[in-house]
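Protein chains in written order, with the working numbering: chain A, 1 to 412; chain B, 1001 to 1490.
From the three backbone atoms N, C-alpha and C, an ideal C-beta is built for every residue, glycine too.
The next block holds one structure in the form of structure tokens; read it before the comments.
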Amino acid sequence: MSDIHASWGEAFARFAGGLPAVDHAARSAAFDEFIQHGMPDDAIERWHYTDLSAFPKKPVQLATAAALGGYARWQLSGCDERIWLNARNVAGASSATASLPSLDAHAGIAGLHRAFAQPGLQLDVGPGTALARPVHALTVTTADADGEMTHLAHRISLARGAAATVILQNVGLPGATRFSTQSLTVELAEQAQLTLIRVQDESRSTTQWLQTDVNVGRDARFQLVNVDLGGKLIRNDWRVKLTGPGASTELAGLFAADARVHLDNQYEIDHIAPHGTSHQYFRGLGFGPSKAVLNGRVVVRPGAQKTDSEQRIANLMLAKGAEIDAKPELEIYADDVKCAHGASCGQLDDTAVFYLRTRGVPETQARALLTYSFINSVLERIAHAGLRTRIARQVTALLGADLDFDAIGDLS
Amino acid sequence: MAANPSEIETLVQNRKYAAGFITDIESDSVPPGLSEDVVRLISARKQEPEWLLEFRLKAYRRWLTMREPRWAHVQYPKIDYQAISYYSAPKSMKDAPKSLDDVDPKLIETYNKLGIPLREQEMLAGVVPDRPQVAVDVVFDSVSVGTTFKKKLAEAGVIFCSISEAVREHPALVKQYLGTVVPFADNFYASLNSAVFTDGSFVFVPRGVRCPMELSTYFRINERNTGQFERTLIICEDDAHVSYLEGCTAPQRDENQLHAAVVELVALDRAEIKYSTVQNWYPGDENGVGGIYNFVTKRGDCRGVASKISWTQVETGSAVTWKYPSCILRGDDSVGEFYSVALTHHRQQADTGTKMIHLGRNTKSTIVSKGISAGHGQQAYRGLVRVGEKAEGARNHTQCDSLLIGSNCGAHTFPYTEVRNPTAIVEHEATTSKIGEDQLFYCRSRGIGEEDAVSMIVNGFCKDVFKELPMEFAVEAQKLLQVSLEGAVG
């Protein structure tokens, strides 16, 4: 343990050495928080299913710079591209310094992130401005020497009446064993609208923690689609605060868990002001041996009357060895509210599979087709056709099927 | 509109606790405090065999190393475990009564006040001829004061007695099953109970026997500064069947008293146990002063194939409730059920629910939970449905509804589902709503008073659970809710 502590200390000293004094003090304080609280363990209710206390076991250092031939395979048509390679900005504008995010998270891991965070996407949109093109923020990690880490802090701020679509894509090349943390803080002023699409396709050996804190102001709207396809140990915390009256949010999530991945998504919506609306739609797929956790928590504070909240979680168990733990939580302190949630876990309907087979569709294709229709209620919320088809193809390929999406047509 | 929310709130305000009297009776209590000596003393007073003392001491030593759980959605000041007396018995019990005739008349009076038919003679004499017969075991503070209908039950081969008596008369049975469903190290309160449990009921229904009558236990905490730590053990052998009811009350006192019970149920092949509770411990006053801390571990083990355990609970009392009656569905085709109505108002807090652990094939479980929150009451449903890797074809359905009365109360839902088998089907549904003003208005426009209307709506809300209760208890439960909501309309 002391070796690990020493190696954290060395990594921090190397990183912080060249920082300006003000920044250095804030970072040191954050680093001390991390050393004091350590990593979260499963005795903390929020971390019940994911224990990071034994992590990491090896010495750590910040990832080194790398070069990559091109990014064409991830690029999305019609988007404004920003790219980070091993947490270094390589394309598109980015600010040179990170503003340290204050996160509503476990003090230890938040401290670690704040101590090392490098500037990621910094997006400010002025009053009444609607961005014409979606912003595509792509983070790529390359194969590395064991024990490297990356830490990125993103920030999005929309002024009154502004609108934007942001696609945050995290990908890792095979062999990237990194430990990575990312944070995203979002401020939405009155009537602002943000659509965030996040696609996580990290390498099969990556451990990642992402925390997203969103503040939704009066009559503003935050829409999220989160898709998890890769990684080894992935933990995502989503905290959405509806702070202004009439604020609304829609969270949609899709995960495909296989290949021993441990995937933990914690969604939390906090209704602080009255007349708020929140809708959540989650679809999960359990492929091979894997563990997927989905916690959806809705809090309605005293005074947040006329809240309308709905949460639907549906999971498909497609193979032996899969485990899906779902917990839709409600915490309600106001009486004039409409809150409902539901969670289910089951299989594909055998009669539906049979029906398709009697029409000459081979079983593999039939299962893939039904699975596709199951996840489509989340996919259809992805406002980029190319990205949508790419995800659908990747998921159905896990079932050994190669569906002809041109023939199926766009179900949305 | 006639009924506005504040009127509904007043409807719930003036609830009186009818069972709050104190029985003035000489009692024999050990001084407050907990140590190995106290554990040995309790064991000695009860003239227990060596193995049971060992069990207690093991539990006590483990308890010393444990931390009080803090994950529940309840708040209460730290409990001083050294300020509690762990054994209290009515003094006249010292030379244990040979029959009910020897029981202190004051005790009989207490139970009459509570409406509990302790004296079987009356029942047999046909005072209430149409009433179905119910055998009753009564636990007063730390000891059982009497069990009715023993003879009739013995004819059927059913053993129904206090656990202390069972330890003396049927040690082999107790030794075989005690602590096999809730191990002594299970959790903080279960360990404490294992160390200091005093009395409780023991039921054994042998192979093929259908228990000829309902069995019932009434628990009463009377003495000041005591805790009640009862332990109930129910065993149903192959093809046996039993329905067991339990009720609880306590006097109105300003300090908080601790009740940490353990209930263990064992159902062997094709056996069926139906366990019903009407819990009406003193809830504290409207400012949250006094009341019972109800920290209970209840667990049923469906060990045999096609066995069935059904929990039904109506929880209206206690200042703080922490209770999760559970089923371990070990046998193939076994069935677990949980039906619950919980009411919290004033400053009451409840964190209650169930656990359904599916281990066998084709196991099924049903959960229906109805929470009613009024005043400043905080109510949480916390349930776990776990489907193990080998539980092929497991099936669960959970329905969990909350009703809010007033703008200062809270209703919370924490349903854990953990599925490890791809053939499982697990469903959870929950809704939260308040009594609709339109519903009230509709009733009022038809000449139904507001109080009756609220009571009617609440009863309708709870119907799915009440219909699972044995008839007598269903009536009692409905009355209890009605009393709880009394004076609600201003």
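Under the three-state DSSP convention, the category residue i falls into
i: B/E1048; result: coil
i: B/G1393; result: coil
i: A/P328; result: strand
i: A/M39; result: coil
i: A/A319; result: coil
i: B/K1150; result: helix
i: B/S1402; result: strand
i: B/C1409; result: coil
i: B/K1355; result: strand
i: A/R221; result: strand
i: A/T141; result: strand
i: A/K241; result: strand
i: B/S1373; result: strand
i: A/N170; result: strand
i: B/I1273; result: strand
i: B/S1310; result: strand
Residue i classed as buried or exposed, judged by whether at least 16 other C-beta atoms fall within 10 angstroms
i: A/I408; result: exposed
i: B/Q1047; result: exposed
i: B/I1372; result: buried
i: A/P127; result: exposed
i: A/G70; result: exposed
i: B/N1287; result: exposed
i: A/V22; result: exposed
i: A/D264; result: buried
i: B/Y1293; result: buried
i: B/V1475; result: exposed
i: A/G9; result: exposed
i: B/W1051; result: exposed
i: B/Y1060; result: buried
i: A/Q36; result: exposed
i: A/A252; result: buried
i: B/Y1218; result: buried
i: A/Y355; result: exposed
i: A/A153; result: buried
i: A/Q169; result: buried
i: A/P274; result: buried
i: A/R260; result: exposed
i: B/D1037; result: exposed
i: B/R1067; result: exposed
i: A/I391; result: buried
i: B/L1178; result: buried
i: A/T414; result: Residue 414 of chain A lies beyond the stretch modelled for chain A, which goes from 1 to 412, so this question has no answer here.
i: B/S1071; result: In the sequence as displayed, the identity of residue 1071 of chain B is Trp instead of Ser. Exposed, by the Cβ-count rule.
Assumed close pair residue i, residue j - CB separation to whole angstroms, cut-off 8 Å
i: B/L1469; j: B/T1232; result: Going by Cβ atoms, the distance from B/L1469 to B/T1232 rounds to 18 Å, so no, they are not a contact pair.
i: B/Q1348; j: B/G1284; result: 7 Å
i: A/M317; j: A/Q365; result: So it is not a contact: roughly 20 Å between Cβ atoms.
i: A/L103; j: A/D213; result: 6 Å
i: A/A93; j: A/A130; result: In fact, because the Cβ distance is near 19 Å, the residues do not count as touching under 8 Å.
i: B/G1393; j: B/H1345; result: At roughly 42 Å, the Cβ-Cβ gap does not stay under 8 Å, so B/G1393 and B/H1345 are not in contact.
i: B/V1262; j: B/A1190; result: 5 Å
i: A/Q200; j: A/G246; result: Actually they do not touch by this definition, with Cβ atoms about 31 Å apart.
For a minimum of 4 consecutive residues, which ranges assigned as the alpha helix (DSSP H) are wholly contained in the stretch 1178–1256 of chain B?
The DSSP assignment places complete alpha helix (DSSP H) segments of no fewer than 4 residues inside the stretch 1178–1256 of chain B at 1188–1196, in order along the chain.
At a cut of 8 Å, does the stretch 1354–1363 of chain B reach the stretch 286–293 of chain A through at least three beta carbon pairs?
Segments in contact, no.
Indicate whether the contact test is met: 3 or more Cβ pairs, each with one atom in the stretch 1294–1303 of chain B and one in the stretch 1330–1344 of chain B, closer than 8 Å.
A contact exists between the stretch 1294–1303 of chain B and the stretch 1330–1344 of chain B.
Please determine if the stretch 169–177 of chain A and the stretch 114–122 of chain A are in contact, where contact requires at least 3 C-beta pairs separated by less than 8 Å.
Using a Cβ-Cβ distance cut-off of 8 Å, the stretch 169–177 of chain A and the stretch 114–122 of chain A are not in contact, since fewer than three pairs of beta carbons, one from each stretch, lie closer than that value.
Whole alpha helix (DSSP H) elements within the stretch 1450–1478 of chain B, 4-residue minimum:
Whole alpha helix (DSSP H) segments, 4+ residues: 1450–1466.
At a cut of 8 Å, does the stretch 1347–1359 of chain B reach the stretch 1440–1456 of chain B through at least three beta carbon pairs?
Contact between the stretch 1347–1359 of chain B and the stretch 1440–1456 of chain B is absent, because fewer than three Cβ pairs lie under 8 Å.
Would you check if the stretch 1371–1387 of chain B and the stretch 1434–1450 of chain B touch, i.e. whether three or more CB-CB distances between them fall below 8 Å?
Contact between the stretch 1434–1450 of chain B and the stretch 1371–1387 of chain B is absent, because fewer than three Cβ pairs lie under 8 Å.
Across the stretch 1228–1248 of chain B and the stretch 1198–1208 of chain B, are there enough close Cβ pairs to call them in contact, namely three or more that are closer than 8 Å?
Taking 8 Å as the limit for Cβ pairs, the verdict is that the stretch 1198–1208 of chain B does touch the stretch 1228–1248 of chain B.
Quick check: the stretch 175–194 of chain A against the stretch 213–231 of chain A, are there 3 or more CB pairs under 8 Å?
Enough Cβ pairs lie closer than 8 Å, so yes.
Can we say the stretch 1235–1249 of chain B touches the stretch 1205–1216 of chain B, given the rule of at least three CB pairs closer than 8 Å?
Yes, the stretch 1235–1249 of chain B is in contact with the stretch 1205–1216 of chain B.
Can you list the beta strand (DSSP E) stretches of 3 or more residues lying completely in the stretch 47–120 of chain A, in chain order?
As far as the stretch 47–120 of chain A is concerned, its whole beta strand (DSSP E) runs of at least 3 residues are 80–85, 88–91.
Quick test of the definition: if touching needs 3 or more C-beta pairs under 8 Å, does the stretch 132–140 of chain A touch the stretch 45–61 of chain A?
A contact is defined here as three or more CB-CB pairs under 8 Å, and the stretch 132–140 of chain A fails this definition with respect to the stretch 45–61 of chain A.
Pairing CB atoms from the stretch 358–374 of chain A with CB atoms from the stretch 333–345 of chain A, are three or more of them under 8 Å?
Contact between the stretch 358–374 of chain A and the stretch 333–345 of chain A is absent, because fewer than three Cβ pairs lie under 8 Å.
Jot down the residue ranges of each uninterrupted alpha helix (DSSP H) in the stretch 344–400 of chain A, minimum 4 residues, whole runs only, in chain order.
Whole alpha helix (DSSP H) segments, 4+ residues: 350–358, 363–379, 385–397.
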